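Participant:
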Amino acid sequence: MKIIGLVTRTALLCCSVLAITVQAAEFKLPAYEKVTLDNGLTLYLLPQHEVPLVTVHAVVKAGAIYDQKAGLSYLTAQGLMLGAGGKTKTEIEQTIDFLGASLSTGSSLEGSMVQANFMAKDSATVLPLVKALLTQPAFDDAEFKKMQQREIAALTQAKESPREVIDQYFHRLVFGKHPYGYAQNGEPESVKQIARKDLTAFHQKYYQPANTAIVVAGDFETAAMKQQLQQLLGSWKNTQKLPVLDLTAALTAPAESQVLVVDKSDAIETTFLIGGPGVTQSNPDYVGISVINTVLGGRFTSWLNDELRVNSGLTYGARSGFDRYSAAGLFAISSFTKTDSTKAALDLALKTYQKLWSQGLDQATLDSAKAYVKGQFPPKFETNAALAELLADMYLYGFTEDYINSFQSKVENLTLADSKRLINSYFPKDKLQLVLIGKAEAIAPLAASYGKVTQLDIKAPGFGK
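This note's numbering applies: residue 212 is where the sequence shown begins, and numbers increase by one.
1) What number of angstroms, rounded off, separates the C-alpha of Thr367 from the C-alpha of Val376?
2) Figure out for me which residue from Asn635, Asp641 and Asn494 has the closest Cα to the Cα of Tyr608.
3) Nearest CA to the CA of Gly387: which residue from Leu657, Leu471, Lys416 and Leu453?
4) From Ala222 to Gln570, what does the alpha carbon distance come to, in whole angstroms?
5) Quick check: the Cα distance between Met400 and Lys676, rounded to an integer number of angstroms?
6) With DSSP run on the structure shown, which of helix, strand or coil describes Ala235?
7) Looking only at its chain, what residues have a beta carbon closer than 7 Å to the beta carbon of Val506, apart from the 5 residues adjacent to it on each side?
8) Would you please state the rounded distance, in angstroms, between the beta carbons of Tyr536 and Thr491? I believe it to be under 8 Å.
9) In three-state DSSP terms, what is Gly528?
10) Taking just the CA atoms, how far does Ser660 sit from Ser552?
11) Answer with buried or exposed for Lys448, where buried requires no fewer than 16 other C-beta atoms within 10 angstroms of its C-beta.
12) Just the C-alpha distance for Asn396 and Ser313, rounded to the nearest angstrom, thanks.
13) Considering only C-alpha positions, which residue in the set Leu340, Phe309 and Val265 is nearest to Leu293?
14) DSSP three-state call for Asn298: helix, strand or coil?
15) Report the CB separation of Ala596 from Asn328 in whole angstroms; it is logged as a contact under 8 Å.
16) What does DSSP give as the partner residue(s) for His268 in the beta ladder?
17) Got a sec, what are the start and stop residues for the alpha helix (DSSP H) Glu398 sits in?
18) Near Gly322, which residues of its chain fall below 7 Å by C-beta distance, leaving aside the five closest residues on each side in sequence?
19) Let's test the definition: count the other Cβ atoms within 10 Å of the Cβ of Lys356 and tell me whether it reaches 16, buried, or not, exposed.
20) Which term fits Pro672, buried or exposed, when burial requires 16 or more other beta carbons within 10 angstroms of its beta carbon?
21) Tell me the DSSP secondary structure of Ile405 in three-state form.
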């Protein structure tokens, strides 16, 4: 849920603010202070004085992997905005709107977030609201029931758009019943079974200071901000022993190639993903992997887009990429094509992918990708919001600032020999997993040539096994 006002628009106008220190060709994460309060709450304080704006990004280790009912973490995060700290949903919205600020909540597979953007002069008003959402949500029953109905409708509607749900089918195909295969936002049937008391219990169990980090980036003095947060959140208590979830347990790679055909009988095109296991967030080789993926499917002039879009006209776009988590990850090629060209598009995508091994990268191709990646890297971290999200991810996924500070040099030092090693180590060559969403009557007969086939209807509950 999100409330957006003037500050968000101002931030967009000010997004040219340089938040990364430039020293020759190397980029460094700006200086920040990390503090752990007595209650275990982690603070990251990163002052940036170019514009009078502040971003707060609070992250709790409370994502979908902890769900006992699919969608519970998502509804809990959304429910934080339904009233908190003695203020109603409407009162919170009016306060944020009056300040021209923004306040939102969200969740992912591994974490839940509260984010705020506001003028520096309004810290004394907005920070207590962030605290209230984290520590004193009301989960108003009437508002919860309305939110629940909206989410059921949204989840039902999502299956009308294959591109909105294909990632979830792919996660389920690769990870199965492992927590990484859980439906991040839930499913209509599971959301119907969630009650207000479930949100309250989930919040009490996971929203604890020792399980939370608060990142503040922007126009403030570190000592004063530290004192303000200590006064606001130093008395927040840990009330339960935090559960330990072993994400490496039962995490196994698929034993054979599989094809999940999801029937959407009125489809006029096939949406597909091809891939398999990927890498973790903390993998030290990811910088080099991202350069190689740029060649394969990470930019408009990539091999995949050139072959499937430019040269053959089979699609309007094809790409590849990695989803990275703390204990595992996914790699996938994604595209779509009209129904009668499904086989041609799949075969060309696979043929192009195999060029990583049959042809490899030459020096000119590698140099071009390195220049592209280096050029794209600094803008990713030019704003307070981007820096705050980066530090929050460091807390959530356990990687270090070396990812940022050594990024340019790792790109520059990547060799052809390195690229060959990385391709062989991290890009799944066989036992590929495919999800095809389209008209099964037309595409199911050809699916068997790519692996063991399972078929289900897109209207069926859930996302597969």
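For each residue, glycine too, the CB sits at the ideal point set by N, CA and C.
Just so it is clear, the structure is predicted and the values come from calculations on it, not from any experiment.
Facilitator: Let's see:
1) 11 Å
2) Asn494
3) Leu471
4) Note that Ala222 scores a pLDDT of 40, beneath 50, so its modelled location is shaky; the value from the coordinates is reported in the next line. Distance between the alpha carbons of Ala222 and Gln570 is about 45 Å.
5) It is Glu, not Met, that sits at residue 400 in the sequence shown. Distance between the alpha carbons of Glu400 and Lys676 is about 16 Å.
6) In this prediction, Ala235 scores a pLDDT of 38, lower than 50, which makes its location untrustworthy; the coordinate-derived value is nonetheless stated afterwards. Looking at Ala235 - three-state DSSP - the assignment turns out to be coil, as it is neither helix nor strand.
7) Result list for Val506: Ser513, Trp514, Leu572, Thr576 and Ala580, in chain order.
8) 7 Å
9) coil
10) 15 Å
11) exposed
12) 23 Å
13) Leu340
14) According to the sequence shown, residue 298 is Lys rather than Asn. Three-state DSSP puts Lys298 in a strand.
15) 7 Å
16) Its beta-bridge partners are Gln326 and Val426.
17) Neither: Glu398 is in no alpha helix (DSSP H) and is coded neither H nor E.
18) Excluding sequence neighbours, Gly322 sits near Val270, Val271, Lys272, Ala273, Gly274 and Leu607.
19) exposed
20) Flag for Pro672 reads exposed.
21) coil
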